[in-house]
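Just so we're aligned: the sequence shown equals residues -5 to 123 in my numbering.
Working notes, structure below.
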Amino acid sequence: MSTPLTEQEVNAIEQYDEQQRFNYLLKQAITNQELWILTDEHGCVMLNSEDEDCVPVWPNQEFAQSWATNEWQACQAQAISLDKWLSHWSPGLEEDELAIVVFPNQAEEGLVIYPYELESELKHRLKKK
-5 MSTPLTEQEV
5 NAIEQYDEQQ
15 RFNYLLKQAI
25 TNQELWILTD
35 EHGCVMLNSE
45 DEDCVPVWPN
55 QEFAQSWATN
65 EWQACQAQAI
75 SLDKWLSHWS
85 PGLEEDELAI
95 VVFPNQAEEG
105 LVIYPYELES
115 ELKHRLKKK
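Written out as structure tokens, the structure is:
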């Protein structure tokens, strides 16, 4: 379980570029053994990039919950254990031909990658742990 972030930490991390947010998400996922998504009564929230339908993932509850505004105000941040992500989510997203938007910021910017790419990075870092 992760330690809540301070407002200062949240504000500082929000300023990271896409690659820094990707690295931060990987580090947090390994440390806390979880990733965060937003869900509503229909399931997981989706974003659309120019080319892909994407599932946004965040490193901490605070960042996921900060997206629960406007049309998403009924959404809840939900933790997915790293084991479950690797065993169920990654193959399921791949099968459904969905991409992942990594740790989108409030300007809706985030690195768009494929599930196998995130899985590969996570497994690589788990081995180094």
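Quick reminder that beta carbons are idealized off the backbone N, C-alpha and C, glycines included.
As the structure is a computational prediction, the values presented were derived from the model and not from experiment.
Buried versus exposed call for residue i [16 or more other C-beta atoms within 10 Å across all chains shown]
i: residue 58; result: buried
i: residue 104; result: buried
i: residue -2; result: exposed
i: residue 66; result: exposed
i: residue 55; result: buried
i: residue 6; result: exposed
i: residue 2; result: exposed
Residue range of the beta strand (DSSP E) that includes residue i
i: residue 113; result: Run containing residue 113: none in the beta strand (DSSP E); it sits in the alpha helix (DSSP H), 109 to 122.
i: residue 101; result: From DSSP, residue 101 is part of no beta strand (DSSP E); its letter is neither H nor E.
i: residue 70; result: 70 to 75
Identity of the residues DSSP links to residue i by a beta bridge
i: residue 48; result: 41, 93
i: residue 106; result: 95
i: residue 33; result: 38, 70
Delimiting residues of the alpha helix (DSSP H) encompassing residue i
i: residue 19; result: 12 to 26
i: residue 5; result: 1 to 8
i: residue 58; result: 55 to 59
Check whether residue i and residue j have beta carbons under 8 Å apart
i: residue 41; j: residue 98; result: yes
i: residue 49; j: residue 31; result: yes
i: residue 100; j: residue 8; result: yes
i: residue 106; j: residue 69; result: no
i: residue 24; j: residue 117; result: no
i: residue 29; j: residue 79; result: yes
Any C-beta of chain C under 8 Å from that of residue i
i: residue 89; result: In the structure shown, chain C does not exist; there is a single protein chain.
contact_flag[the region 4 to 16, the region 32 to 46] where n(CB pairs < 8 Å) is 3 or more
no
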